[in-house]
Amino acid sequence: MNGNEHRLFILVASLAPLAGVAIAMAALWNNGVGLSDVIVLVVMYTIGALGVSVGFHRLLAHRSFKTYQGVSDALAVAGTIAAQGPPIIWASHHRRHHRVADKDGDPHSPYFNGEVGKLGILKGLWHSHLGWLLDKNLTSDPMRYCPDLLRDKHLRWISRHFIAVVVAGLLLPAALGFALTGEPAAALTGFLWGGLVRVFLLNHVTYAVNSIGHVYGRRRFSTPDESRNVAWLAIPSFGEAWHNNHHAFPKSATHGMRWYEPDLSALFIETLRRSRLAWDVIRIPSERQAAREAGLARAGGGRFAPSAPVPPLAERKGPDSAGVADVE
Amino acid sequence: MIALGEVTELIQRKLRNRLPDGLELNGDTRLDQLGLSSLQISDIVFTIEDRHGFEFDPARAAGIQTVGDILALANEMLADAAKTTLG
């Protein structure tokens, strides 16, 4: 996919679900919504959300736990159906984001153009939400950021067949709707709710973590960026919205760090661990959290705070260069 | 030893034989002129790794700019791998 094709894909992947939502709203107004549609929407949303949060984000981009190849493949495919990009590219952008969060070179910082005032904030929110994906020259070189992921043949295959997997993810809810009711019409509404509406909802929730999650919300840790914990987004984002916690401890498999910070992805990873499908799950003891909180508070945070970013994975010397992303 | 033809064949396949106008595919061709995405280029590089059973030094693989760079680095890594095996 070159720059123009990429932009076209993002436009289609944003506008088609939007049109789907409009049709779904009209249908809802006129005929209500079938039980099978609700089931298909919840099931497909859960698959996509776990794929993006547990698969793309915590497993692939940050290596916060280890698992079998089969589980990794399944999570990568589940994340791919979200239509947010191939797993290797998603992880490349994300590792770059962490390296220089809210500073020059961050692919999706709301502070990208340094503008202030209400209009500046709005422009920043748009850029970090979806605007950055429409940049024809957007690129985060996977050879620099993700040599470890490129060595995984299965991930390369899934990334190469990105569009086909997205299409399969749109057809699956149609099949599911038909299987649940035996009616052809349910296949169509299944596609609408479990396909288009689901892509719309999940994408905007994920994108909101990048936009709202760097502007509005609480900061427990004075990280050298503008990351925020956004409580109201915690459930729909499956725990991704504890974004300030995440920037303080990027490798942690758990983003919700208190009992009152719900994190469905962490719960899923814990279930995998108890089923012996995941191991070496990275958790941060509360003493370390407190020490980091105090240390960062002393140093002072925010986007103007100095930081010493680790080089991209490919450029590291020593044991890290063997293919383990540590802080990313 | 890997020959230039193997690398260009992988590139041709990715391009579906549609080379950009006026571009000749040889050792000096810059990868960013091919109209391939970063994912496609890295896929080519790491496919060569798989085929020949060696591992690129990631820092040097990230510095690849031309078709000839891929070839030179791959052959260097292959030679190193052979030395290690013999030694």
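Chains L and R, in that order, are what the protein sequence lines are. Here the working numbering runs 9 ahead of the position in the first sequence, where the first position is 1. Here the working numbering runs 199 ahead of the position in the second sequence, where the first position is 1. Quick reminder that beta carbons are idealized off the backbone N, C-alpha and C, glycines included.
task = Determine the chain R residues that contact L:P95 at a beta-carbon separation under 7 Å, and present them in chain order.
result = The sequence position of residue 95 of chain L within the first sequence is 86, counting from 1. Correct list: L238.
ask   = By how many angstroms is the C-alpha of L:P116 removed from the C-alpha of L:K127?
value = By one-based count along the first sequence, residue 127 of chain L stands at place 118. By one-based count along the first sequence, residue 116 of chain L stands at place 107. Rounded to the nearest angstrom, the two C-alpha atoms are 22 Å apart.
ask   = Is the CB-CB distance between L:S73 and L:A262 below 8 Å?
value = By 1-based counting over the first sequence, the position of residue 73 of chain L is 64. By 1-based counting over the first sequence, the position of residue 262 of chain L is 253. Yes, the Cβ-Cβ distance between L:S73 and L:A262 is below 8 Å.
message = Against chain R, which members of the region 187 to 202 of chain L pass a CB distance test of less than 9 Å?
response = Of all residues in the region 187 to 202 of chain L, none comes within less than 9 Å of chain R when Cβ atoms are compared.
task = Taking R:G234 as the query, report the chain L residues whose CB atoms sit under 8 Å from its CB, ordered along the chain.
result = As a working note, residue 234 of chain R is residue 35 in the second sequence. Per Cβ cutoff of 8 Å: N11.
message = From the DSSP secondary-structure annotation, give me the bridge partner or partners of L:K75.
response = Counting from 1 along the first sequence, the entry for residue 75 of chain L is found at position 66. In DSSP, L:K75 forms a bridge with L:W288.
key: Segments assigned alpha helix (DSSP H), at least 4 residues, entirely inside the region 235 to 291 of chain L   = Given a length threshold of 4 residues, each whole run of the alpha helix (DSSP H) inside the region 235 to 291 of chain L is given here in chain order: 252 to 257 and 273 to 283.
query = With L:I97 and L:S168 assumed to form a contact (beta carbons below 8 Å), what rounded beta-carbon distance in angstroms separates them?
reply = Reading the first sequence from its first residue, position 88 is the one you call residue 97 of chain L. Reading the first sequence from its first residue, position 159 is the one you call residue 168 of chain L. Right, the Cβ-Cβ distance comes to about 4 Å (below 8 Å), so this counts as a contact.
inquiry  = Tell me the rounded alpha-carbon separation between L:L164 and R:D256.
reply    = What you label residue 164 of chain L is simply residue 155 of the first sequence in a count that begins at 1. What you label residue 256 of chain R is simply residue 57 of the second sequence in a count that begins at 1. About 20 Å.
Residues within the region 166 to 179 of chain L neighbouring chain R, beta-carbon criterion of under 7 Å = Residues are counted here when their Cβ sits less than 7 Å from a Cβ of chain R; for the region 166 to 179 of chain L these are S168 and R169, given in chain order.
request  = Compare the C-beta of R:D242 with all C-beta atoms of chain L and state if any pair is closer than 8 Å.
outcome  = For the purposes of this step, residue 242 of chain R is taken as residue 43 along the second sequence, with counting starting at 1. At least one chain L Cβ lies under 8 Å of R:D242.
task = Go ahead and pull the three-state DSSP assignment for L:R312.
result = One-based indexing of the first sequence puts residue 312 of chain L at position 303. If DSSP states are grouped into helix, strand and coil, L:R312 belongs with coil.
key: Backbone CA spacing between R:L160 and L:D161 [nearest angstrom]   = Residue 160 of chain R cannot be examined here, being either before or after the span of chain R that is shown, 200 to 286.
ask   = With a cut-off of 8 Å, does the C-beta of L:E324 fall near any C-beta of chain R?
value = If you number the first sequence from 1, residue 324 of chain L lands on position 315. Yes - at least one Cβ of chain R is within 8 Å of the one on L:E324.
message = Can you look up R:R215 in the DSSP assignment and give me helix, strand or coil?
response = Position 16 of the second sequence, counted from the first residue, corresponds to residue 215 of chain R. Coil.
ask   = Ordered along the chain, which non-local residues of its own chain (more than five positions away) have a Cβ less than 7 Å from that of L:R292?
value = Counting from one through the first sequence, the residue named residue 292 of chain L turns up at place 283. Taken in chain order, the residues that qualify are S261, A262 and T263.
For R:R217 and L:R301, the rounded distance between their alpha carbons = Sequence index remark: in the first sequence, residue 301 of chain L carries index 292 (1-based). Sequence index remark: in the second sequence, residue 217 of chain R carries index 18 (1-based). Distance between the alpha carbons of L:R301 and R:R217 is about 54 Å.
task = Can you give me the Cβ contacts of L:V239 inside the same chain, cut-off strictly under 6 Å, excluding the 5 residues immediately before and after it?
result = For the purposes of this step, residue 239 of chain L is identified with residue 230 of the first sequence, where counting begins at 1. Closer than 6 Å at Cβ, skipping near neighbours: I221, G222, G226 and A250.
ask   = Does the beta-carbon of L:A331 have 16 or more other beta-carbons within 10 angstroms, so that it is buried, or is it exposed?
value = If you number the first sequence from 1, residue 331 of chain L lands on position 322. Summary for L:A331: the model assigns pLDDT 39, below 50, so the residue's position carries little reliability; its value from the coordinates is reported in the next sentence. With a 10 Å radius around the Cβ and a threshold of 16 neighbouring Cβ atoms, L:A331 comes out exposed.
message = Mapping the DSSP letters down to three states, classify L:A331 as helix, strand or coil.
response = In the first sequence, the residue the question calls residue 331 of chain L occupies position 322. For L:A331, the predicted model reports a pLDDT of 39, less than 50, meaning its position is unreliable and no value from the coordinates is stated.
inquiry  = Let me confirm a value: L:E235 is counted as buried when at least 16 other C-beta atoms fall within 10 Å, else exposed. Which label applies?
reply    = Counting from one through the first sequence, the residue named residue 235 of chain L turns up at place 226. Result: buried.
request  = Can you tell me which of the three DSSP states L:R325 falls into?
outcome  = For the purposes of this step, residue 325 of chain L is taken as residue 316 along the first sequence, with counting starting at 1. Reduced to three states, the DSSP call for L:R325 is coil.
inquiry  = Do L:V176 and L:W91 count as a contact pair if the criterion is CB distance below 8 Å?
reply    = Start at 1 with the first residue of the first sequence, and residue 91 of chain L comes out as number 82. Start at 1 with the first residue of the first sequence, and residue 176 of chain L comes out as number 167. First, the amino acid is wrong: residue 91 of chain L is Ala here, not Trp. Their beta carbons are not under 8 Å apart, which means L:A91 does not touch L:V176 by this criterion.
key: Rounded straight-line distance, which links the Cα of L:S316 to that of L:A303   = Against the first sequence, residue 303 of chain L aligns to sequence position 294. Against the first sequence, residue 316 of chain L aligns to sequence position 307. Taking the straight line joining both Cα atoms gives about 17 Å.
ask   = Taking 8 Å as the CB-CB limit, is L:D338 close to chain R?
value = Outside the displayed span of chain L (10 to 337) sits residue 338 of chain L, for which this structure offers no information.
query = When the Cα atoms are used, what is the spatial distance from L:K132 to L:P119?
reply = Within the first sequence, residue 132 of chain L is the residue found at index 123, counting from 1. Within the first sequence, residue 119 of chain L is the residue found at index 110, counting from 1. Between L:K132 and L:P119, the C-alpha separation is close to 8 Å.
task = For the alpha helix (DSSP H) holding L:F200, just list the boundary residues, first then last.
result = For this step, residue 200 of chain L is matched to residue 191 along the first sequence. Taken as a continuous stretch (DSSP letters only), L:F200 belongs to no alpha helix (DSSP H), as it is neither H nor E.
query = Can you list, in chain order, the residues of the region 257 to 269 of chain R whose Cβ is nearer than 8 Å to any Cβ on chain L?
reply = Per Cβ criterion, the list reads P257, A258, A260, A261 and I263.
Three-state secondary structure assigned by DSSP to R:T228 = Along the second sequence, read from residue 1 onward, the residue named residue 228 of chain R stands at position 29. In the structure shown, the three-state DSSP call for R:T228 is coil.
request  = With 7 Å as the limit, tell me which residues of the region 136 to 161 of chain L have their beta carbon closer than that to any beta carbon of chain R; keep them in chain order.
outcome  = For the region 136 to 161 of chain L, the set of positions with a beta-carbon nearer than 7 Å to some beta-carbon of chain R reads T148, D150, P151, M152, R153, P156, L159 and R160 in chain order.
request  = Step through the CB atoms of chain L and report whether any lies within less than 8 Å of the CB of R:F245.
outcome  = In the second sequence, counting from the first residue as 1, residue 245 of chain R sits at position 46. Proximity of R:F245 to chain L, defined by a Cβ-Cβ separation below 8 Å, is satisfied.
Contact check, L:P26 vs L:V206, beta carbons under 8 Å = As a first step, residue 26 of chain L must be located in the first sequence, where it is residue number 17. As a first step, residue 206 of chain L must be located in the first sequence, where it is residue number 197. Against a cut-off of 8 Å, the Cβ pair of L:V206 and L:P26 comes out as a contact.
task = Using a Cβ cut-off of 9 Å, pull out every chain R residue sitting near L:I98, in sequence order please.
result = Within the first sequence, residue 98 of chain L is the residue found at index 89, counting from 1. Under the 9 Å cutoff, chain R gives S236, S237 and L238.
key: Within chain L, partners of R:D249 - CB distance below 7 Å   = Mapped onto the second sequence, residue 249 of chain R falls at position 50. The contacting residues are K162.
query = For the candidate residues L:A110, L:P95, L:F247 and L:A70, whose alpha-carbon lies nearest to that of L:C155?
reply = As a position in the first sequence, residue 155 of chain L is number 146, starting the count at 1. When only C-alpha atoms are compared, the closest one is L:A70.
task = State the Cα-Cα distance for the pair L:A306 and L:T232, rounded to the nearest angstrom.
result = Within the first sequence, the letter at position 297 stands for residue 306 of chain L. Within the first sequence, the letter at position 223 stands for residue 232 of chain L. Going by the C-alpha atoms only, they are around 8 Å apart.
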